[in-house]
Amino acid sequence: MVEKQATLMQSNNTGVSPTYAKVRKVLVPIREDEKHMHHVEIFSKIRQERGFEAIYAGVRTRAIQMEERNVYCGVYNVLVLLDREDPSRVVHYSGGQLVAVGSKDRVVRLLDVLTLKEVSPVIQGHAGSIRALLLCEERGLVISASYDLSIRCWNLKTGICLMLFRGHLGTINCLDLHGNCLVSGANDCKVKVWNLQTGHCYEKLKFRHHNPILCVKIDKALVMSSCDKGLVKMWGMETASLLKVIDAHQSSVKCLFFDQWHILSGGSDGQVMAWSTNCDIKKNLMTYRHPKEVLALIYLFLRVITGCGDGKIRIFNFLTGDCLRVIKAGGQHSPIQSLHTHSNK
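So the sequence shown is numbered by full-length UniProt numbering: it starts at 1 and just counts up by one.
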């Protein structure tokens, strides 16, 4: 039964303007494919806060413009769609009207964020608990991964299974999607990339760790993966090769983010670390500290947004490491297992 609740939470932060917005110049290393180009800002004199400039010492850099905003630093509402404690629950939201929810009951349920009600269809077919979900509302798809070692792609409107992906030999813990490339990570220590339209696995991409995979991310050129021993690996899809290994966390890394310049890794050691995607830069750019394990993270407008085991959401300045805002996600102290943002949600 879906419970309806709405709680108005007031912000009392001082010194942080929720309407602040600015275009910042941020130093980034020049990539190999850019070195033949003329950059007027190579060896830029821009001073980066607290260490970026020092870490890039001796590396050819250029200044790029990035928009900075104090996102989620104003007054906010909390809408409780499902008021039941469930540590096995997995959730995904893609910015539309629906939230997908899965758990040990082996079904995927859909919640309407406007009516605060469960809607049809109830999607079922897995033989084991749901361990990861992707809701692609614009494409009319739901993708689920299960303890039963399978991944399934479903029609969002009918609940019919459109595609079955098999190949993992351990429980599948994580999924990500870019275009028609689906990436999965599992307890068999393997990272697999699939064609969403054909269901075939790209066998040349033999990405693996020595320990169970906890998080995967993908874009058009790279795959990121992390494991329960704290390693983060960056893989090149075109070359099918390992490009970079990050070994800095003291325990499991459960969440990742990356773009063409930066990587963020969040661990059970209570730290989120920022890195360069440049393979020659080994040191971390910044560390964002938490009192308990970090379970989810997002990067948005030069802000690092994290979900922590203490039940709080934190917003950090990416460039300085300063914590700008702490949000209590309701009255309980249940861990923040996942975060998804869209517009003002």
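For glycine and all other residues, C-beta sits at the position ideal for the given N, C-alpha and C.
Own chain residues within Cβ distance below 6 angstroms of residue i, not counting five before or after
i: Met224; result: Lys217, Met234, Leu256 and Phe258
i: Asn278; result: Pro29
i: Glu67; result: Val23 and Phe301
i: Arg89; result: Ser103
i: His290; result: Gly270 and Cys308
i: Pro18; result: Asn70, Cys73 and Gly74
i: residue 353; result: The first residue shown for the chain is 1 and the last is 345, placing residue 353 beyond what the model contains.
i: Lys206; result: none
i: Arg166; result: Ser150
i: Lys345; result: none
Own chain partners of residue i with C-beta closer than 8 angstroms, once the 5 adjacent residues on each side are dropped
i: Ala221; result: Gly236, Met237 and Glu238
i: Ser241; result: Trp235
i: Leu295; result: Lys254, Cys255, Gly266, Gly307, Cys308, Gly309, Pro335, Ile336, Gln337 and Ser338
i: Glu118; result: Val2, Arg109, Leu110, Leu111 and Asp112
C-beta atoms of residue i and residue j nearer than 8 angstroms
i: Gln178; j: Asp219; result: The sequence given here places His at residue 178; Gln does not occur at that position. The answer is yes: Cβ separation under 8 angstroms.
i: Cys201; j: Pro212; result: no
i: Ile160; j: Ser144; result: no
i: Leu164; j: Gly128; result: no
i: Cys174; j: Cys215; result: yes
i: Met286; j: Gly230; result: no
i: Asn70; j: Leu243; result: no
i: Leu149; j: His126; result: no
i: Lys157; j: Gly185; result: no
i: Gly96; j: Ser343; result: no
i: Val91; j: Leu133; result: yes
i: Leu297; j: Leu319; result: no
i: His340; j: Tyr93; result: yes
i: Val191; j: Arg208; result: yes
Nearest-angstrom beta carbon gap, residue j and residue i [assumed within contact, 8 angstroms]
i: Ile281; j: Tyr72; result: Between Tyr72 and Ile281 the Cβ distance is about 30 angstroms, and since that is not below 8 angstroms, they are no contact.
i: Val113; j: Leu81; result: 7 angstroms
i: Leu79; j: Leu98; result: 14 angstroms between Cβ atoms; not a contact.
i: Thr61; j: Leu27; result: 5 angstroms
i: Ala57; j: Lys25; result: Contact flag wrong, Cβ pair sits at about 18 angstroms.
Beta bridge counterpart(s) of residue i as assigned by DSSP
i: Met273; result: Ser265 and Thr287
i: Phe52; result: Note: Phe52 sits in no beta bridge, so no partner.
i: Gly307; result: Ala296 and Ile313
i: Pro29; result: Thr61
i: Arg24; result: Met66
i: Cys189; result: In DSSP, Cys189 forms no bridge with anything.
i: Lys244; result: Met234
i: Lys328; result: Lys312
i: Glu118; result: Leu111
i: Ala145; result: Ala132 and Ile151
i: Gly125; result: Note: Gly125 sits in no beta bridge, so no partner.
i: His210; result: DSSP lists no partner for His210.
i: His342; result: Bridge partners of His342: none, in fact.
i: His200; result: DSSP, once it has assigned bridges, lists no residue as partnering His200.
i: Asn195; result: Cys181
i: Ala100; result: His92 and Leu110
i: Arg166; result: Ser150
i: Ile160; result: Paired residues: none, contrary to the question.
Chain C within 8 angstroms of residue i, Cβ atoms only
i: Asp228; result: The chain labelled as chain C is not found in the depicted structure, where only one protein chain is given.
Cβ shell of residue i (< 7 angstroms), same chain only, five flanking positions each side left out
i: Asn180; result: Asn195, Leu196 and Gln197
i: His333; result: Asp310 and Gly311
i: Ser251; result: Gly230, Gly267, Ser268 and Asp269
i: Ile123; result: Val107, Val108, Val142, Trp154 and Gly159
i: Ile55; result: Ile281, Lys283 and Leu285
i: Lys292; result: Gly270, Cys308, Gly309 and Asp310
i: Tyr20; result: Arg69 and Asn70
i: Leu162; result: Cys153, Trp154 and Asn155
i: His210; result: Cys189
The ligand NAD heavy atom lying under 7 angstroms from the CB of residue i
i: Val232; result: Absent from the structure shown: the ligand NAD. Ligands present: none.
Original post:
Does the segment 310-318 touch the segment 79-99, meaning 3 or more C-beta pairs lie closer than 8 angstroms?
Top reply: no
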